[in-house]
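Reading through the structure tokens given below for one structure.
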Amino acid sequence: MAARNFAASWLKYAALTVCLLLFIVPFVFLLLNSFKENNAITSNPMSLPDRFNFHNYTYAVGKMGYMSAFWNTLIITVASVLLISLFAAMTAHYFVRNQTKVNQYTFLIMVASMIIPFQAIMIPLVKIYGSLGMLNNKASLVYMYLGFGSSLAVFIYHGFVKSIPAELEEAAMIDGCTRTQTFFRIVLPVLTPTTATIAILNVLWIWNDFLLPSLVLVNPEQRTLPLSTYNFYGTYTVDYGPLMAGLVLTVLPIIVVYLFAQKYIIQGVMQGSIK
Amino acid sequence: MIAEKGVWNRLRTRLLFTGPTLFAFLTVMIVPFVYGIYLTFTNWDGIATSHTLVGFQNYGEVFRDRDFWQSFALTLKYVLFSVVLINAIAFALAYALTKGMRGQSLFRAGFFVPNLVGGIVLGFIWQFIFSKVLVYFGTKADIPLLSYSWLTDPDKAFWSLVIVTVWQYAGYMMVIFVAGLMNVPNDILEAASIDGARGWMRMRKMTLPLMVPSFIVTIFLSLQRCFMVYDVNLSLTNGGPFKSTEFVSMHVYEKAFLSRDYGVGQAEAFVLFLLVAAVTLLQVYFSKKLEVEA
Amino acid sequence: MNKIKGLQVLILSLLVVMVVTACGGNGGGKDTNASDSGNGAGNASASGKAVKITLLNSKGEIQTQLEDAAKAFHEDNPNITLEIQAVPTGGSPFERASALYASGNPPTMIMLDTGDVEKFKDRILDLSGEKWMADTVANATDLTTFDGKNYAFPLAIEGYGFIYNKAVVDKAAGGSFDPSTITTTSALENLFKQIEASGKKALVISPMDWSLGAHYLPLAYAGQSKDPAEVNKFLDSLKAGTADLANNKVFNGLMDTFDVMMRYNLDQKSPLSGAYERGPEVLGKGEVGIWFMGNWAWPQISGFDTANGQYGFLPVPISNNPDDYGNQEISAAVSKRIVIDKEKSTPEQQEAAKKFLNWIVYEAKGQDFLVNKASIIPAFKNITLPAADPLGKSIQAYMAKGKTEPSMSTLPADHWSKVGASMQKYLAQKSDRATLAKEIEDYWKSVK
Chain A
77 MAARNFAASW LKYAALTVCL LLFIVPFVFL LLNSFKENNA ITSNPMSLPD
127 RFNFHNYTYA VGKMGYMSAF WNTLIITVAS VLLISLFAAM TAHYFVRNQT
177 KVNQYTFLIM VASMIIPFQA IMIPLVKIYG SLGMLNNKAS LVYMYLGFGS
227 SLAVFIYHGF VKSIPAELEE AAMIDGCTRT QTFFRIVLPV LTPTTATIAI
277 LNVLWIWNDF LLPSLVLVNP EQRTLPLSTY NFYGTYTVDY GPLMAGLVLT
327 VLPIIVVYLF AQKYIIQGVM QGSIK
Chain B
41 MIAEKGVWNR LRTRLLFTGP TLFAFLTVMI VPFVYGIYLT FTNWDGIATS
91 HTLVGFQNYG EVFRDRDFWQ SFALTLKYVL FSVVLINAIA FALAYALTKG
141 MRGQSLFRAG FFVPNLVGGI VLGFIWQFIF SKVLVYFGTK ADIPLLSYSW
191 LTDPDKAFWS LVIVTVWQYA GYMMVIFVAG LMNVPNDILE AASIDGARGW
241 MRMRKMTLPL MVPSFIVTIF LSLQRCFMVY DVNLSLTNGG PFKSTEFVSM
291 HVYEKAFLSR DYGVGQAEAF VLFLLVAAVT LLQVYFSKKL EVEA
Chain C
54 MNKIKGLQVL ILSLLVVMVV TACGGNGGGK DTNASDSGNG AGNASASGKA
104 VKITLLNSKG EIQTQLEDAA KAFHEDNPNI TLEIQAVPTG GSPFERASAL
154 YASGNPPTMI MLDTGDVEKF KDRILDLSGE KWMADTVANA TDLTTFDGKN
204 YAFPLAIEGY GFIYNKAVVD KAAGGSFDPS TITTTSALEN LFKQIEASGK
254 KALVISPMDW SLGAHYLPLA YAGQSKDPAE VNKFLDSLKA GTADLANNKV
304 FNGLMDTFDV MMRYNLDQKS PLSGAYERGP EVLGKGEVGI WFMGNWAWPQ
354 ISGFDTANGQ YGFLPVPISN NPDDYGNQEI SAAVSKRIVI DKEKSTPEQQ
404 EAAKKFLNWI VYEAKGQDFL VNKASIIPAF KNITLPAADP LGKSIQAYMA
454 KGKTEPSMST LPADHWSKVG ASMQKYLAQK SDRATLAKEI EDYWKSVK
């Protein structure tokens with residue numbers, strides 16, 4: 077019995093490892109090729125770099141205006157994700173606890189809106205906000221992310237808020253907490269794992285988003301990382317070496333944060349189970 | 041139901057809790073969307089300084105546009121295969137990775153990696169893999185199936201898209217499943233296993249019903265993302281070979297911005313929205329019912 | 054429990070701080086923008102004559118060169134700052150420009166494809182009165198002239214045809230290869246045979262839809278007649294559905310040549326698998342002797358060059374009669390135009406933009422940028438600098454001899470994509486010539 081279990085667990089490890097390799101292979105390609113010259117990339121994308129040549133990286137950093145793009149992306153992402161998580165959690169909570177017809181329909185409309193293709197509102201969006209003179213600054217972009225991102229966040233929170241027993245909150249309110257206090261003291265902490273998930277999903281979306289910032293941020297000094305990475309695309313061809321390096325540089329902060337957030341999710345869940 | 045005393049208090053709470061979200065949502069999504077619908081009744085080309093109302097003419101063209109319906113049918117097929125595969129694989133991964141095995145957070149992080157890079161680049165890297173790496177491998181190992189690029193054959197290019205999509209989203213959905221599985225209280229499962237419920241039985245009677253909320257989210261998300269797929273379609277096959285893998289978003293986009301038929305493109309986007317809304321709302325409706333029953 | 058509370062407070066306060074600082078930063082950013090871009094009216098009068106103008110560049114491969122040119126221009130005109138914006142990949146200049154117009158933030162100058170200029174005509178400046186109008190090469194502004202007014206600055210001439218690697222064809226011809234001997238389909242096939250006999254592959258066909266749909270097939274339209282009016286008449290008959298492509302001599306001749314190309318194609322086994330990048334590599338390394346492409350490919354070819362920089366163009370023959378139109382001519386035309394916005398740009402900005410265009414044409418630094426740095430073939434007679442690369446030189450030689458055929462640069466915007474797909478199908482042998490002719494005819498009938 078023990079031997080069988082041992083074998084089964086090894087088999088599982090092996091299967092998962094193979095799967096994992098399949099999942100990260102393209103990433104390895106990205107990293108390897110970021111050290112190679114353009115020609116070497118196109119003639120043999122699989123070869124190892126002759127030596128670790130950081131030329132692409134230094135070139136990319138200069139060309140992209142990396143530091144300023146990094147700060148822009150960071151400010152936009154952090155502000156948007158915080159706003160989305162906070163407001164969406166509040167709205168979802170309100171919808172679950174006040175299941176009136178109006179709220180139910182509003183929720184349905186929000187869910188349905190996720191199916192709107194971005195291309196369908198792209199031109200009207202810039203037309204409207206352009207005529208209001210609200211384009212070309214980060215605050216508008218953050219505001220738009222709140223508008224675009226809140227439906228999904230409300231939708232995900234909605235499912236999880238329902239799993240929290242309402243009695244918990246009722247008890248707190250009887251003890252004299254206001255609705256707002258109850259939300260921040262009881263509900264939000266319990267939702268931590270969900271918040272972590274939503275934060276991760278939104279960070280990835282906003283950090284890597286291209287189309288929306290390309291429409292809203294016109295001035296180069298406001299560019300985000302994906303916008304500056306796309307400098308390496310030409311009409312007929314692409315500067316692959318610097319592009320790959322630029323992408324690695326774009327993604328690197330995310331990986332670090334992700335590895336950290338992975339721990340945070342587990343922490344959050346452990347906190348949740350204490351309750 | 042929780043409610044405050046007094047109209048004023050109730051209103052204040054409502055505004056505080058839903059005000060910011062709903063206001064942003066309304067002004068960023070709904071208003072432009074409605075304005076977009078208005079534009080479908082005009083002959084605006086996306087740039088001209090003036091336009092005139094043309095009534096339902098653009099919608100008439102949508103129904104006559106055979107390519108639109110063809111690409112819609114193709115998209116349906118793609119959505120079907122992708123959604124099933126994404127959810128099956130994502131759930132299996134999440135299930136295997138919430139058992140407390142050593143290194144599981146490392147594994148989770150790994151499976152999530154595809155989501156770290158934007159769609160255009162993913163497509164580019166996979167293009168390398170399909171047209172270079174696999175061909176190289178296939179020729180050396182003498183596997184006829186792999187000895188020429190999959191992307192040059194309409195059927196195989198379609199499956200390449202499905203593979204890349206599954207690869208791209210499985211990790212994402214896995215994260216949502218993991219969050220859901222962690223909410224399944226361990227003591228229930230332990231109690232069940234002491235009672236003699238094992239393996240498949242435990243999965244079917246205990247875990248799956250508790251996972252319905254997660255499934256609603258993941259199926260909805262994968263449906264929505266697959267229907268709207270554009271990035272990967274563009275960078276992996278670009279609709280080719282010869283337009284055989286042009287999904288509906290791409291068709292709409294090209295109609296509006298390449299054929300300069302902005303009104304028709306916008307009208308097609310709206311028709312697409314209605315169709316997809318019908319499909320996904322049905323899904324949400326039925327799974328909510330399932331959830332109530334479970 | 055206490056510990057958790059502490060953490061919570063920490064996170065919350067962090068949250069507040071971040072929101073506040075982020076918003077503060079944004080507010081500040083907004084203010085500076087309002088004062089320094091603001092499309093500059095107040096700005097210009099307030100701080101002397103400082104003008105800021107922008108150019109939307111849709112020729113991605115010269116982005117760096119343009120940025121350097123902007124710096125050089127600023128040195129010559131310290132009161133004018135020029136900023137270069139890029140069209141993102143996957144997006145067309147038309148889409149980007151219309152989005153920017155919709156947003157109320159149009160750039161001062163936009164680089165457009167020839168066929169798109171007309172759409173913008175209500176929003177852009179009439180340039181008929183500019184000095185450079187007198188110095189353009191023949192017919193350079195015909196296609197951007199509406200009601201007698203020219204709206205666009207011709208930036209670059211681009212040409213395409215068969216690019217040959219001289220080292221390979223010399224070896225195949227057993228001596229010095231004379232490009233003027235290739236004027237018929239059979240002479241071309243003969244050359245292919247010679248190249249194969251010398252142990253190399255004859256050519257590579259790059260299967261991109263834009264190459265087949267926007268460059269190769271339009272030779273069938275352009276080759277109909279020397280007279281542009283006749284060519285237009287032919288396009289009109291296609292639109293009306295009265296043209297009979299299947300029995301058209303030029304179309305059939307062009308496709309006969311294509312059949313020959315397909316027989317000698319390096320990628321014959323999997324004709325659709327090659328990407329653009331493969332072309333310059335196999336040609337530059339001398340694995341093939343010939344590649345169908347244009348002079349814009351030089352930077353990529355030079356990266357693999359093994360022929361000591363010796364390359365040139367051959368025409369694409371459409372018959373076996375050397376004197377037929379198109380058999381000695383290279384397809385070339387002005388491909389990129391710069392227009393100036395008049396809607397949101399102040400008179401100062403418009404003047405500054407005009408100054409930049411003049412700077413390109415008449416100042417030594419501007420000419421140096423155009424010809425030597427950006428490897429562009431200029432559309433101006435007064436610029437006498439020789440082309441900087443062998444492909445540009447070759448095109449210029451054909452132009453000097455009057456042996457050019459105007460490329461079709463005002464085809465409907467989706468032509469390359471739709472017809473390119475039909476051509477790919479033909480290349481993959483998934484359709485025959487009759488089907489191809491029918492698909493092209495059907496496409497034209499759907500054009501409004």
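Protein chains in written order, with our numbering: chain A, 77 to 351; chain B, 41 to 334; chain C, 54 to 501.
Note that beta-carbon positions come from the ideal geometry of N, C-alpha and C, so glycine has one too.
Just so it is clear, the structure is predicted and the values come from calculations on it, not from any experiment.
On the DSSP letters alone, give me the boundaries of the alpha helix (DSSP H) that residue i sits inside.
i                : result
Phe152 (chain B) : 144–152
Ser1 (chain C)   : One cannot answer for residue 1 (chain C) here, as it falls past the ends of chain C, which runs 54 to 501.
Asp495 (chain C) : 486–499
Ala220 (chain C) : 219–226
Thr272 (chain A) : It should be pointed out that residue 272 (chain A) corresponds to Ala in this sequence rather than to Thr. Taken as a continuous stretch (DSSP letters only), the alpha helix (DSSP H) holding Ala272 (chain A) covers 268–284.
Gly76 (chain B)  : 71–79
Using C-beta distances below 7 Å, list every residue in its chain close to residue i, excluding the 5 sequence neighbours before and after it, in chain order.
i                : result
Leu312 (chain B) : Val288, Val292
Asp179 (chain C) : Lys202, Tyr204
Gly59 (chain C)  : The predicted position of Gly59 (chain C) is uncertain, since its pLDDT is 44 and thus under 50; a value taken from the coordinates is nonetheless stated next. So the list is empty, once near-sequence residues are dropped.
Leu186 (chain B) : Leu174, Val175, Phe177, Gly178
For residue i versus residue j, is the C-beta distance shorter than 8 Å?
i                : j                : result
Ala385 (chain C) : Ile448 (chain C) : yes
Ile586 (chain C) : Ala209 (chain C) : With chain C covering 54 to 501 only, the question about residue 586 (chain C) has no answer from this structure.
Glu245 (chain A) : Val263 (chain A) : yes
Tyr217 (chain C) : Leu423 (chain C) : no
At the level of alpha carbons, what is the spacing between residue i and residue j?
i                : j                : result
Val222 (chain C) : Leu438 (chain C) : 29 Å
Tyr142 (chain A) : Trp190 (chain B) : 37 Å
Lys426 (chain C) : Thr488 (chain C) : 45 Å
Asp358 (chain C) : Glu211 (chain C) : 21 Å
Lys329 (chain B) : Ser254 (chain B) : 14 Å
Leu9 (chain B)   : Trp185 (chain C) : Outside the shown range of chain B, which is 41 to 334, sits residue 9 (chain B), and nothing can be said about it.
Leu196 (chain C) : Pro465 (chain C) : 14 Å
Ile129 (chain B) : Leu96 (chain A)  : 12 Å
Leu135 (chain C) : Pro370 (chain C) : 44 Å
Arg316 (chain C) : His468 (chain C) : 26 Å
Can you give me the Cβ contacts of residue i inside the same chain, cut-off strictly under 8 Å, excluding the 5 residues immediately before and after it?
i                : result
Leu222 (chain A) : Ser156, Leu159, Ile160, Phe163
With respect to the beta strand (DSSP E) encompassing residue i, which residues constitute its N-terminal and C-terminal limits?
i                : result
Val387 (chain C) : 383–393
Lys454 (chain C) : Neither: Lys454 (chain C) is in no beta strand (DSSP E) and is coded neither H nor E.
Gly514 (chain C) : No answer is possible for residue 514 (chain C): the residues shown for chain C start at 54 and end at 501.
Tyr196 (chain C) : According to the sequence displayed, residue 196 (chain C) carries Leu and not Tyr. Looking at the DSSP string, Leu196 (chain C) is not in any beta strand (DSSP E), and its letter there is neither H nor E.
Ala139 (chain C) : 133–139
Lys254 (chain C) : 254–257
Met162 (chain C) : 162–166
Sorted by chain position, which residues of the same chain lie with C-beta nearer than 6 Å to residue i's C-beta, five sequence neighbours on each side aside?
i                : result
Glu494 (chain C) : Leu298
Leu410 (chain C) : Phe206
Pro271 (chain C) : Met461
Lys316 (chain A) : As written in the sequence, residue 316 (chain A) is Tyr, which differs from the Lys given in the question. Excluding positions up to five away in sequence, the list reads Asn114, Ile117.
Which class does residue i belong to by DSSP, given the choice of helix, strand or coil?
i                : result
Asn132 (chain A) : helix
Pro207 (chain C) : strand
Gly140 (chain B) : coil
Tyr213 (chain C) : strand
Ser135 (chain B) : For the sequence presented, residue 135 (chain B) should be read as Tyr rather than Ser. Note: Tyr135 (chain B) maps to helix in three-state DSSP.
Phe164 (chain B) : helix
Pro110 (chain C) : Note on identity: in this sequence residue 110 (chain C) is Asn, with Pro being the wrong assignment. Note: Asn110 (chain C) maps to strand in three-state DSSP.
Thr92 (chain B)  : coil
Ala99 (chain C)  : Model confidence at Ala99 (chain C) stands at a pLDDT of 38, short of 50, so the residue's coordinates are unreliable; what they give is reported in the following sentence. Of the three classes helix, strand and coil, the one that applies to Ala99 (chain C) here is helix, per DSSP.
Gly78 (chain C)  : Note on Gly78 (chain C): pLDDT 34, under 50, position unreliable in the model; no value is reported.
Thr326 (chain A) : helix
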